[in-house]
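Enquirer: What follows is a single structure, and I will ask about it in a moment.
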Amino acid sequence: MLKFIAGRSLLSLLILMLAVSLLFFMIHMVPGDPSSVILGPKASPELKAELNARMGLDKPILIQLGNFYSGLARGDLGTDVFSERQVADVVFEQLPYTLALVIAAIGGASLLGIPPGCFSAVRQNSFLDRLTAIMSVAFIAIPSFVVALYLLLWLAVKLRWFPAMGAGEEGNYANQAWHLVLPAIALGLGWVGYIARLVRASMLEVMEENHIRTARAFGLPERTTIIHYALRIAILPTVTILGLGIGAMLSGALFAEIVFSRPGIGKLLHEAVITRNYPVVMDSVLVTTAFFVLSTLVSDIINAALDPRLREGRGQS
Amino acid sequence: MNNKNPTSSRREFLQHSTLAGLGLAGAGIPGISWAVRGDELHIRNYNEIVVLDPTFSISGAEGVIARAIYQNLLQIKNDGTWDTELDAAGYFEQLDDTHYAFRLKPGQIFNNGYGEMTADDVKFSFERMIDPDIKSINAPDMGPLSHVEVHGRYSGTIILHSPYGAFIAIGVAFGSGAIMSRKAVESVGGRFNIIPPCGSGPYFFKEWRAKRKPILERNPSWEGPEAAFSEIHIYPMTDAKSGEMAFEAGQLDCAEISVESVEPFETNPPPNSYLETHPGGRNFWLGMNMENPSLRDIRVRQAIQYGVDVEAILEAAWFGLAEPSTGPIPKGIVGHRPENLIPPEGDRDKARALLKEAGVELPLRLRLDVNSDALERTAVQVIQWSLKKIGVEIEIYAQDNNSFLNIGFEDKGDQWQDVQLFLQSFIGGPDPYYSIVWFISDQVGQWNWERFSNEEFDRLNALALATPDVAERDRMYQRMQDLMEESGAYRFITNGVMPYLVRKSIKPSFRPDGYPLLRGFHPAGRQG
Numbered sequence: 001m002l003k004f005i006a007g008r009s010l011l012s013l014l015i016l017m018l019a020v021s022l023l024f025f026m027i028h029m030v031p032g033d034p035s036s037v038i039l040g041p042k043a044s045p046e047l048k049a050e051l052n053a054r055m056g057l058d059k060p061i062l063i064q065l066g067n068f069y070s071g072l073a074r075g076d077l078g079t080d081v082f083s084e085r086q087v088a089d090v091v092f093e094q095l096p097y098t099l100a101l102v103i104a105a106i107g108g109a110s111l112l113g114i115p116p117g118c119f120s121a122v123r124q125n126s127f128l129d130r131l132t133a134i135m136s137v138a139f140i141a142i143p144s145f146v147v148a149l150y151l152l153l154w155l156a157v158k159l160r161w162f163p164a165m166g167a168g169e170e171g172n173y174a175n176q177a178w179h180l181v182l183p184a185i186a187l188g189l190g191w192v193g194y195i196a197r198l199v200r201a202s203m204l205e206v207m208e209e210n211h212i213r214t215a216r217a218f219g220l221p222e223r224t225t226i227i228h229y230a231l232r233i234a235i236l237p238t239v240t241i242l243g244l245g246i247g248a249m250l251s252g253a254l255f256a257e258i259v260f261s262r263p264g265i266g267k268l269l270h271e272a273v274i275t276r277n278y279p280v281v282m283d284s285v286l287v288t289t290a291f292f293v294l295s296t297l298v299s300d301i302i303n304a305a306l307d308p309r310l311r312e313g314r315g316q317s
Numbered sequence: 001m002n003n004k005n006p007t008s009s010r011r012e013f014l015q016h017s018t019l020a021g022l023g024l025a026g027a028g029i030p031g032i033s034w035a036v037r038g039d040e041l042h043i044r045n046y047n048e049i050v051v052l053d054p055t056f057s058i059s060g061a062e063g064v065i066a067r068a069i070y071q072n073l074l075q076i077k078n079d080g081t082w083d084t085e086l087d088a089a090g091y092f093e094q095l096d097d098t099h100y101a102f103r104l105k106p107g108q109i110f111n112n113g114y115g116e117m118t119a120d121d122v123k124f125s126f127e128r129m130i131d132p133d134i135k136s137i138n139a140p141d142m143g144p145l146s147h148v149e150v151h152g153r154y155s156g157t158i159i160l161h162s163p164y165g166a167f168i169a170i171g172v173a174f175g176s177g178a179i180m181s182r183k184a185v186e187s188v189g190g191r192f193n194i195i196p197p198c199g200s201g202p203y204f205f206k207e208w209r210a211k212r213k214p215i216l217e218r219n220p221s222w223e224g225p226e227a228a229f230s231e232i233h234i235y236p237m238t239d240a241k242s243g244e245m246a247f248e249a250g251q252l253d254c255a256e257i258s259v260e261s262v263e264p265f266e267t268n269p270p271p272n273s274y275l276e277t278h279p280g281g282r283n284f285w286l287g288m289n290m291e292n293p294s295l296r297d298i299r300v301r302q303a304i305q306y307g308v309d310v311e312a313i314l315e316a317a318w319f320g321l322a323e324p325s326t327g328p329i330p331k332g333i334v335g336h337r338p339e340n341l342i343p344p345e346g347d348r349d350k351a352r353a354l355l356k357e358a359g360v361e362l363p364l365r366l367r368l369d370v371n372s373d374a375l376e377r378t379a380v381q382v383i384q385w386s387l388k389k390i391g392v393e394i395e396i397y398a399q400d401n402n403s404f405l406n407i408g409f410e411d412k413g414d415q416w417q418d419v420q421l422f423l424q425s426f427i428g429g430p431d432p433y434y435s436i437v438w439f440i441s442d443q444v445g446q447w448n449w450e451r452f453s454n455e456e457f458d459r460l461n462a463l464a465l466a467t468p469d470v471a472e473r474d475r476m477y478q479r480m481q482d483l484m485e486e487s488g489a490y491r492f493i494t495n496g497v498m499p500y501l502v503r504k505s506i507k508p509s510f511r512p513d514g515y516p517l518l519r520g521f522h523p524a525g526r527q528g
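First to last, the protein sequences are chains A and B. Residue 53 in our numbering sits at position 53 of the first sequence, and the numbers go up by one each step. Residue 10 in our numbering sits at position 10 of the second sequence, and the numbers go up by one each step.
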């Protein structure tokens, strides 16, 4: 197992470096520079040149990339060119808001998606199976931003059950959770349908396998057979997808953060790209990519823990 | 019941258009919104604050807060004009062209324990702006400031090297003239970014967290009339549509709204609310690169001036709410022209005749650069439509604002040579200098993308800046705008508009360019 984890970790590190380097070049290819935004029209060309030099933007792009990695190795993520605060502070201040949103969204989607998926497989072709199928496809098909806007319109603006903006009061966790409800639904609703369909398909496949028939033949209770034997295997592809889902949601959180005026790393990244605040862009991308890679790694490890064939390199049959 | 109200369909239209607008969410029109919660005011600011140190502060979002927490010697009056009145100073007088005497009101306290404001703090604040070591980007606001002489604990004289007509409006009463405590600023190393070490205005800066609301609190040390609210909560929200939603949800009680939402809100405002529309201070114009081969002939540029129907642009992009502008200087500011040389509706026959006279082969194909904001995109589509009628075909290049802001800069490569037409906008200020200085010859290759260079214009700019005679300045600036228009390189469009939704429970206060003056906000029914 340790060998498996070490191998996957090394691969994850390489993926991370490749992704961040590619993004570095892409960001620097886009025209525009932060000095015009920071200094405004009143700044002289000399002031702008000095600021560019201070940010290292006057150096060749490969040197800039090298400087970025050397700073990273020293634990120095650089300075926000606008506020002159440490980028690590800026990014890690926003990260908890996005993580809370993503965890709430994916957690809620799993809680709402796995049981109906499981039930649909067990009661195949029943009315509830068909209803689940329709609902799942509907949830997948509706774009998340449309969900967000209608939630905002009906539950916040019309009914005023939930707040329309912000992340809640500092230190008041109940209030923060209340502010999290609508954005988390908006972000996670599509995943409810997706997870339900995935679990149903996996369950149907597993339910046909010999060990399930054997379990039933031995007279094990149906509930035990389904939860302990069928679902444990059927959940594997879902765990993998959830790992990818967390990564996708980290970037997808942007629309929820804008629509609901929430703080978060998506919003930070969006604003940083617009203003060409390169250090913040790079470090936000680094952190979100790292989480994406990490969540994939964790889902691989969970899969390996659940299915010994994976860690032995035999793969799923 | 609302559902039986014949106007409910308009409300639905608004809500659905709001949804559509939010779907395209991006940077919105700058806006600010308010909500009263008991003794609190909850406001929406159109952007995140970045720097509250007056030496490096450039954004209007910061200015909204700065004017509430700092004092200047003079401040802009709360009467919808750019006139000034005493603020920290109990006495202020211009002694001659280069000397300004002041005496502070005694007993004005900097919070956080930094003691009483003295003339030495004024000296520190003004001289800090021009300190070459600090390299303040706002140093030009102080013009030819030489130094400040301190005569006593409260009194002193500000001395300029030469006359500077914009000194009171920009150097003293605007953002750069904020008085900081020497002791406080030095205690944080001579410079700060967001959290000010202290202030002396009616509110003080209580709390800040990135991407979350800064909170201002009533300053107990403030000697003037008590601040109207115990706290002001300021939410950075870049999207105007989100602000409208938050207003409708009751979380904000006043919001600058997008122009397309004015009509539906006017017809059917949210409960206990009303609409206020203020003329804006942002100058929108169509610029032409005079050095581009296709536009070198003045007759071609003039044809474009006459071909553009400004009234149609205002109807489509500003929903008929904004007025045509007569130049960069808006109404209410010295130098404002009463009318353009070319009528807003243009003259297509004259435009066609000019193109014919210039021997241009039609259709003439030109590119038009613009930033990708919805409002600007709509405006250039109307320009495209207008010019097609005279045989000029426009290809629109929409790009994000930061990319767009670089197209005319010589130090960004040779792309300035390809610039032909562009829709540009700048926010002005309380003095015409702010609106005009970008078009002088020295700015060619920087912000002067038209590459307009005129000796008389440059001379008048220098003279107008140096003369304190208001009538003379007015005449000079009007002439300068005539010169701009005569060059054919400019088609002035509008100064925009700033519409606000306001809850009836508060009485807001605005500058003449539509920006809020938080000091002037108070609960309705209470005298501000």
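Each residue gets a CB set at the ideal place from its N, CA and C atoms; glycine is no exception.
Counting only beta-carbon separations shorter than 7 angstroms, does glutamine 251 of chain B have a partner in chain A?
Expert: Chain A contact via Cβ: present.
Enquirer: Against valine 50 of chain B, what residues of chain A qualify as contacts under a CB-to-CB distance less than 7 angstroms, listed in chain order?
Expert: The contacting residues are Phe82, Ser83.
Enquirer: I need the straight-line Cα distance from glutamine 94 of chain A to alanine 210 of chain B, nearest angstrom please.
Expert: Roughly 8 angstroms between the two C-alpha positions.
Enquirer: Could you pull the DSSP bridge partners for aspartate 554 of chain B from this structure?
Expert: Residue 554 of chain B is absent from the structure shown; chain B starts at 1 and stops at 528.
Enquirer: Tryptophan 285 of chain B bridges to which residues according to DSSP?
Expert: Tryptophan 285 of chain B is bridged to B:Gln424, B:Phe492.
Enquirer: Can you list, in chain order, the residues of the stretch 235–269 of chain B whose Cβ is nearer than 7 angstroms to any Cβ on chain A?
Expert: Those would be Tyr235, Met237, Asp239, Ser242, Met245, Ala246, Glu248, Ala249, Gly250, Gln251, in chain order.
Enquirer: Run through DSSP, which three-state label would cysteine 118 of chain A get?
Expert: The answer is helix: DSSP assigns cysteine 118 of chain A an H, G or I state.
Enquirer: Should arginine 213 of chain A be flagged as near chain B, meaning a C-beta pair shorter than 7 angstroms?
Expert: It does not: the Cβ of arginine 213 of chain A has no partner Cβ on chain B nearer than 7 angstroms.
Enquirer: Using a Cβ-Cβ cutoff of less than 7 angstroms, which residues in the same chain neighbour methionine 498 of chain B once the five nearest sequence positions on both sides are dropped?
Expert: Closer than 7 angstroms at the Cβ level, and outside the excluded window around methionine 498 of chain B, lie Glu256, His278, Gly280, Gly514.
Enquirer: At 4 residues or longer, and completely inside the stretch 37–118 of chain B: list those alpha helix (DSSP H) runs for me, N to C.
Expert: Segments of the alpha helix (DSSP H) lying fully in the stretch 37–118 of chain B: 60–69.
Enquirer: What is the residue span of the alpha helix (DSSP H) that leucine 354 of chain B lies within?
Expert: 348–357 is the extent of the alpha helix (DSSP H) around leucine 354 of chain B.
Enquirer: Inspect the CB distances between the stretch 360–372 of chain B and the stretch 331–344 of chain B and report whether three or more fall short of 8 angstroms.
Expert: Not touching, per the Cβ criterion.
Enquirer: Kindly list, in the order they appear in chain B, the residues whose Cβ is closer than 7 angstroms to that of glycine 166 of chain A.
Expert: By Cβ distance, chain B contributes Tyr235.
Enquirer: What is the rounded straight-line gap between the Cα of glycine 7 of chain A and the Cα of valine 102 of chain A?
Expert: Using only the alpha carbons, I get a separation of about 27 angstroms.
Enquirer: The ligand GTP and tryptophan 318 of chain B: does the residue's C-beta get closer than 6 angstroms to at least one heavy atom of that ligand?
Expert: The ligand GTP is absent from the structure shown, which contains no ligand whatsoever.
Enquirer: By Cβ distance below 6 angstroms, which residues in the same chain neighbour tyrosine 458 of chain B in space, the five residues on each side in sequence not counted?
Expert: Going by the sequence as given, residue 458 of chain B is aspartate instead of tyrosine. Taken in chain order, the residues that qualify are Ile440, Ser441.
Enquirer: The beta strand (DSSP E) with leucine 153 of chain A in it runs from where to where?
Expert: Run containing leucine 153 of chain A: none; DSSP gives neither H nor E here.
Enquirer: Quick check: is the beta carbon of alanine 100 of chain A nearer than 7 angstroms to any beta carbon in chain B?
Expert: It does not: the Cβ of alanine 100 of chain A has no partner Cβ on chain B nearer than 7 angstroms.
Enquirer: For chain A, check one thing: does any of its Cβ atoms lie closer than 7 angstroms to the Cβ of tyrosine 515 of chain B?
Expert: So, not an interface residue.
Enquirer: Secondary structure at methionine 476 of chain B, three-state DSSP: helix, strand or coil?
Expert: Three-state result, methionine 476 of chain B: helix.
Enquirer: By DSSP's criteria, methionine 1 of chain A is part of a beta bridge. Which residues make up the other side?
Expert: DSSP output for methionine 1 of chain A lists no bridge partner at all.
Enquirer: By how many angstroms is the C-alpha of alanine 186 of chain A removed from the C-alpha of alanine 138 of chain A?
Expert: Looking at the two C-alpha atoms, the distance is approximately 14 angstroms.
Enquirer: Taking C-alpha atoms, which residue in B:Glu263, B:Ser242, B:Gln302 lies nearest to asparagine 45 of chain B?
Expert: If we check each option's Cα against that of asparagine 45 of chain B, B:Ser242 comes out closest.
Enquirer: Should leucine 111 of chain A go down as buried or exposed, given a rule of 16 or more other Cβ atoms within 10 Å for buried?
Expert: By the 10 Å Cβ count, leucine 111 of chain A comes out exposed.
Enquirer: Terminal residues of the continuous beta strand (DSSP E) containing histidine 228 of chain A?
Expert: No beta strand (DSSP E) holds histidine 228 of chain A; DSSP gives it neither H nor E.
Enquirer: Could you give the residue range of the beta strand (DSSP E) that holds alanine 255 of chain B?
Expert: First-last of the beta strand (DSSP E) with alanine 255 of chain B: 254–256.
Enquirer: Here's the rule I'm using: 16 or more other beta-carbon atoms within 10 Å means buried, otherwise exposed. How should methionine 1 of chain A be labelled?
Expert: Exposed.
Enquirer: Do the stretch 112–129 of chain A and the stretch 189–201 of chain A touch if we need at least three Cβ pairs shorter than 8 angstroms?
Expert: These segments touch.
Enquirer: Pick from A:Leu62, A:Pro237, A:His270: whose alpha carbon is nearest that of glutamate 205 of chain A?
Expert: Ranking the options by Cα distance to glutamate 205 of chain A, first place goes to A:Pro237.
Enquirer: Identify the contact partners of lysine 135 of chain B in chain A, using a Cβ-Cβ distance below 7 angstroms as the criterion.
Expert: The contacting residues are Leu47.
Enquirer: For arginine 11 of chain B, which residues from the same chain have a beta carbon less than 6 angstroms from its beta carbon, with the 5 sequence-adjacent residues on both sides left out?
Expert: For arginine 11 of chain B, the predicted model reports a pLDDT of 41, less than 50, meaning its position is unreliable; a value from the coordinates is still stated below. Excluding residues within five positions, the ones whose Cβ falls inside 6 angstroms are Asn268.
Enquirer: Go ahead and label tryptophan 438 of chain B buried or exposed: buried means 16 or more other beta carbons lie within 10 angstroms of its beta carbon, across all protein chains shown.
Expert: The residue in question, tryptophan 438 of chain B, is buried, as its Cβ has 16 or more Cβ neighbours within 10 Å.
Enquirer: Between which residues of its own chain and proline 508 of chain B is the CB-CB distance below 8 angstroms, once the five residues before and five after are set aside?
Expert: Here the set comprises Trp34, Cys254, Glu276, Tyr500, Val502, Pro516, Gly520, Phe521.
Enquirer: How would you list, in chain order, the residues of chain B whose beta-carbon sits under 7 angstroms from the beta-carbon of leucine 152 of chain A?
Expert: Those are Met245, listed as they occur along chain B.
Enquirer: Rounded to a whole number of angstroms, what is the C-alpha to C-alpha distance between alanine 73 of chain A and leucine 13 of chain A?
Expert: Each residue's alpha carbon lies about 13 angstroms from the other.
Enquirer: Ignore the nearest five residues each way along the sequence and tell me which others in lysine 350 of chain B's own chain have a CB closer than 6 angstroms to its CB.
Expert: These residues qualify, in order along the chain: Tyr306.
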